[in-house]
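Participant: Okay, handing you the structure first.
Chains as they are written, first to last, in this note's numbering: chain A, 2 to 133; chain B, 2 to 133; chain C, 2 to 133; chain D, 2 to 133; chain E, 2 to 133; chain F, 2 to 133.
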C-alpha cells in the first residue's frame, strides 16, 4: 500500500463538559497539528498516489471551519463532546466527502483508506483510520 | 479504528551479552521514549476511545519498575536479553494486564489493539503491536 | 555558559481582540509546549547547573494557573492581549520570582539567565530571554 | 507484530516533467529522510526482530546509488517520474532484494513485512508498505 | 529580548563544485526547512514583537525565488557556492531588506536582530544571526 | 555569526551517587542525542563555516570513548558526577582540543565559539556554550 501524508494545523477553543474530563471541563483550547494520510494500492502514470497539492488543499478546506473557532459555539458540534477522537473522525468524514465530491481529482478514486491524526501536545495524539 | 497515543520515558542501564551485539555487549544504557497507542472500534458517549488520564497513568505504572534501573540486576529479566523489541513486548504485556485488571476504567473493555513503541535514539526505534 | 532546559505544556483558550489579529480576534485556543532554559556560569559540586527536578517542578508551578483556562476570564490578564510573546514573558516573570523565592534551592542563586519558549504549532514559536 | 525502524537520508536532484507538478516540473531537489521498518512475527533467541546493525547497513546500501545524484540522469529511472511514492517503492524493492540475498543475516527470513517512509519536508511524507 | 520564529521550506537543486565537497560536487539537491527568528527588545501595544502574519509572508517572499529552482542556473548565485551557510546569509539579507522596505509593517522598526536557520536533514543545519 | 550544527548520539550507563539525584543514584543509563554547533564570523572561499564532513567526524571521535560505556568504570570520570551538564562540557573540551589539533582542517582557525547540546529525553536537555 502506498500513502501520502500532509500536515496542517488549527487553533481552537472548547470545553469538555463531562465529569470524566476533570479540569478540562472548563473552557480551554488546543493547537491540533493535523496529519492526513491517503492510502492507495497503486500509483497513476505520473507516479502519484494522490496529487499532493490537492491533498494539502483538501486538508486545509476540511480544517477551515474549525480555524480560530470556539467549538462550543459551532452548530456542527451542538450536543457533542469535541474530544481529539471526535475531531479526528470529523475531519476524516469531511475529507472522505471531499474525495467523493472529486476534490482530489480523478485520482481520488484510487484512495482506499484514510487516516487523520491530531497531535494535541508533545505527549498525546489521537487518530481515526478506516477504509473508504 | 480510533486510537489515542500517550508518551512517557525511562532511563535504564543494561548489557546485551551476546556476540551479535558487538560493542553493546558491554554495560551501557538508554533513554527509551515510549509511546503507547490504544485502539478502539468505537467511542463512548463522552467521545472517548480511552480516558487519556488513565492511559497516561497506566503507561507510567507499566514503566515504573524500569525507571532508573539496571535491567541486568532485575529478576524480571533474568536470562533474557533486554533488547528494544523485548522491552516493547514487556511494556505491552504489562499494559494488557492493566487493561484486563480494569486500570483503564470501564472503557478499557473497548480496547481492541495495543501498540508500544520505544524510541531509542533519533535514528532507531522498535515496537510491538497486537490485538488484545 | 551552561544551560538546562525542561519541557511542559498547557492548553488555554483566549481571544486576541485587536484588528491586527484578523480571524484570531475570535475566541480560540492553543496548546503551548513550553521550554524553560536555566543558564549558569558554573556547576555546583554535584555537577549541576540547576536541580532538574526542581526546575521541572518550578515550570509546572508557573504554568499551573494557566492550565485549562480561558485567559480572557483571568484577572491576571485583564486589559492585556495574551499573545505568545506576552505569555512567554509572563512565565519568565513567574520563574524569575520562583528563583528569587528559593524554589530552585540553594543552586538557584547561580542562575544568571533564563529563556522561556512557547511553541504554538509546528511552524511558529516565540520566546523571552533575559539576564536575572 | 514486532518492528524495528532505522533512519538515514539522501539528498537528490530531479525534475518532475508532467503538467500536474506545476512549478516542480523544473529541476529542483530534496532531502529525503528515510525510515525503513522491518516487521516480524517473532524474535530470535537473542531477542531480535532484525539485527539493527545489518538493517542500518542494508538501508545505507539501498540509498547509496541515490546519494548526491541527479535522478534525471540515472539510467535506473529513465522514463520514470521520481515522485516520493515511486522512490519509496524503489527503496522498498532494493531492501526486499537485500533481504532475499541474505544481507539481513539468517534472521532476514523472519521478516514478514516492510515499510519505507520518505519524509520530504516537515509537512509532507510518503511511504510504501507491503508483505514480503 | 523577545523573539518570534516562523517556519517554511524550499526544495532546490544545486552542485557544490569544489574538491572539498567530495560526492556533493555532483548535481544533487536539498529540502531546506527554514526558520526565521525576529528579535525585539520590546513589544508593541498589541503585545507583539512582530506581526506573525507579516513575518510568515516575508519569509515566504524571501524564499520564493529559490522554490523549485536549480541554483546553478540562477544569476543571483553566479560564481557563488550555494552552501547552507551561504543560503542562510542570502535569506537573512533578503529579510533584512524586506524589514527596511517596510514589509513587516510599522513594527518592523523594532526588530533588532535576525536569525535564519536552514535544516538540511535530521542531522545537520546551519544558520546566520546578526543585529540589524 | 554563522553556525553549522551536526548531530550524533551515544548510549551510556552511569549512576549519580549523590542524595540530590534521588532514584537516579542507582545504576541506570541514557541515550544522549548530541548536537555540536560551530560558530564562525566569516565563511571561507568555498562558502563554508566549517567542513561539515570534518565536523561530523570530530563529533564522532569526541563521542567514541563514551559509546556503549559504563561511565562509572571510566578512569576519565573517576570522582566526577557525570550529569548531562558535566558531559556536555566534557564533549565541548574534546572538540575544542580537536579544533586546536587541526582536526577541523585549516578552517578550524575560524571557529570562534562552540556549543554542545545533550538531549537526554523528549523533555530535558542541557548544553555548554563558550568562546574558544
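Even glycine gets a Cβ: it sits at the ideal position worked out from N, Cα and C.
Residue 94 of chain D and residue 15 of chain D look like a contact to me (Cβ under 8 Å); what is the Cβ gap, rounded to whole Å?
Facilitator: Rounded, the Cβ-Cβ distance is 18 Å, inconsistent with contact.
Participant: Where residue 24 of chain B and residue 69 of chain F are concerned, what is the direct C-alpha to C-alpha distance, given to the nearest angstrom?
Facilitator: Approximately 6 Å, taken between the alpha carbons.
Participant: Since residue 44 of chain F and residue 117 of chain E should fall inside the 8 Å C-beta cutoff, what is the C-beta to C-beta distance between them, to a whole number of angstroms?
Facilitator: About 14 Å; that fails the 8 Å criterion.
Participant: Does the segment 31-40 of chain D come close enough to the segment 29-36 of chain E that 3 or more CB-CB pairs lie under 8 Å?
Facilitator: Judged by Cβ distances under 8 Å, the segment 29-36 of chain E makes contact with the segment 31-40 of chain D, as three or more pairs qualify.
Participant: What in chain F is Cβ-close to residue 34 of chain B, meaning under 8 Å?
Facilitator: In chain order: 122 and 123.
Participant: Figure out for me which residue from D:100, D:125, D:75 and D:49 has the closest Cα to the Cα of residue 128 of chain B.
Facilitator: Nearest of D:100, D:125, D:75 and D:49 to residue 128 of chain B, Cα basis: D:49.
Participant: Would you tell me roughly how many angstroms separate the C-alpha atoms of residue 66 of chain D and residue 12 of chain D, rounded to the nearest one?
Facilitator: Between residue 66 of chain D and residue 12 of chain D, the C-alpha separation is close to 11 Å.
Participant: So residue 100 of chain B packs on residue 40 of chain B, CB below 8 Å; how close in whole Å?
Facilitator: Actually they do not touch by this definition, with Cβ atoms about 12 Å apart.
Participant: Can you list, in chain order, the residues of its chain whose CB lies under 7 Å from that of residue 61 of chain E, leaving out five sequence neighbours each side?
Facilitator: Hits under 7 Å: 9.
Participant: May I ask which residues mark the beginning and end of the beta strand (DSSP E) holding residue 113 of chain C?
Facilitator: Here the beta strand (DSSP E) through residue 113 of chain C covers 112-122.
Participant: Return helix, strand or coil for residue 83 of chain B, following the three-state DSSP convention.
Facilitator: In this structure, residue 83 of chain B counts as coil in the three-state DSSP scheme.
Participant: Do you know how far the Cα of residue 105 of chain E is from the Cα of residue 51 of chain B?
Facilitator: Approximately 45 Å, taken between the alpha carbons.
Participant: Does the beta carbon of residue 8 of chain D come closer than 8 Å to any beta carbon on chain B?
Facilitator: Interface residue, yes.
Participant: In this structure, what does DSSP give as the bridge partners for residue 12 of chain E?
Facilitator: According to DSSP, residue 12 of chain E bridges with E:32.
Participant: Excluding sequence positions up to five away, which residues of its chain have a Cβ less than 6 Å from the Cβ of residue 71 of chain E?
Facilitator: Within the same chain, residue 71 of chain E has close Cβ partners 14.
Participant: Helix, strand or coil: how does DSSP classify residue 7 of chain C here?
Facilitator: Three-state result, residue 7 of chain C: strand.
Participant: I'd like the span of the beta strand (DSSP E) that includes residue 1 of chain B, first residue to last.
Facilitator: In the structure displayed, chain B extends from 2 to 133; residue 1 of chain B sits before or after that span and is not available.
Participant: With a 10 Å radius around its C-beta and 16 neighbouring C-beta atoms as the bar for buried, classify residue 81 of chain D as buried or exposed.
Facilitator: Flag for residue 81 of chain D reads exposed.
Participant: Reducing DSSP to helix, strand and coil, say where residue 38 of chain B ends up.
Facilitator: It is a strand residue.
Participant: Should residue 85 of chain C go down as buried or exposed, given a rule of 16 or more other Cβ atoms within 10 Å for buried?
Facilitator: Buried is the call here.
Participant: Could you work out which residues of chain F lie near residue 81 of chain E, taking near to mean beta carbons separated by less than 8 Å?
Facilitator: Here the neighbours are 48.
Participant: Would you tell me roughly how many angstroms separate the C-alpha atoms of residue 4 of chain D and residue 125 of chain B, rounded to the nearest one?
Facilitator: Their backbone Cα atoms lie some 11 Å apart in a straight line.
Participant: Given a threshold of 16 other Cβ atoms within 10 Å of its Cβ, counted over all protein chains shown, does residue 132 of chain D qualify as buried or as exposed?
Facilitator: Classification of residue 132 of chain D: exposed, given that the 10 Å Cβ count is below 16.
Participant: When Cβ atoms are compared, which residues of the segment 84-108 of chain E fall closer than 8 Å to chain F?
Facilitator: Listed by position, the residues of the segment 84-108 of chain E near chain F (Cβ gap below 8 Å) are 84, 85, 86, 87, 89 and 90.
Participant: Please report the straight-line C-alpha distance between residue 109 of chain A and residue 37 of chain E, rounded to a whole angstrom.
Facilitator: The straight-line gap from Cα to Cα measures roughly 36 Å.
Participant: When you compare only the Cα positions, how much space is there between residue 123 of chain C and residue 76 of chain B?
Facilitator: Distance between the alpha carbons of residue 123 of chain C and residue 76 of chain B: 43 Å.
Participant: Mind checking whether residue 21 of chain D and residue 63 of chain D have CB atoms under 8 Å apart?
Facilitator: Not a contact, by the Cβ cut-off of 8 Å.
Participant: Taking 8 Å as the CB-CB limit, is residue 5 of chain F close to chain E?
Facilitator: Output row for residue 5 of chain F: interface = yes.
Participant: I want to verify the contact list: residues of chain C whose CB lies under 8 Å from the CB of residue 131 of chain F, in sequence order.
Facilitator: Chain C residues near residue 131 of chain F: 2.
Participant: What residue from E:26, E:47, E:121 and E:58 has the CA that sits closest to residue 103 of chain E's CA?
Facilitator: That would be E:58, whose Cα lies nearest to the Cα of residue 103 of chain E.
Participant: Does the Cβ of residue 13 of chain B lie closer than 7 Å to at least one heavy atom of the ligand HEM?
Facilitator: The ligand HEM is absent from the structure shown, which contains no ligand whatsoever.
Participant: Could you check where the alpha helix (DSSP H) with residue 27 of chain D kicks off and where it finishes?
Facilitator: First-last for residue 27 of chain D: undefined, no H or E at that position.
Participant: Starting from the C-beta of residue 78 of chain F, find all residues in its chain whose C-beta is less than 7 Å away, skip the five residues before and the five after it, and write them out in chain order.
Facilitator: The answer, listed in chain order, is 72.
Participant: Could you check if residue 121 of chain E is buried or exposed, using at least 16 other CB atoms within 10 Å of its CB as the buried criterion?
Facilitator: Burial call: buried.
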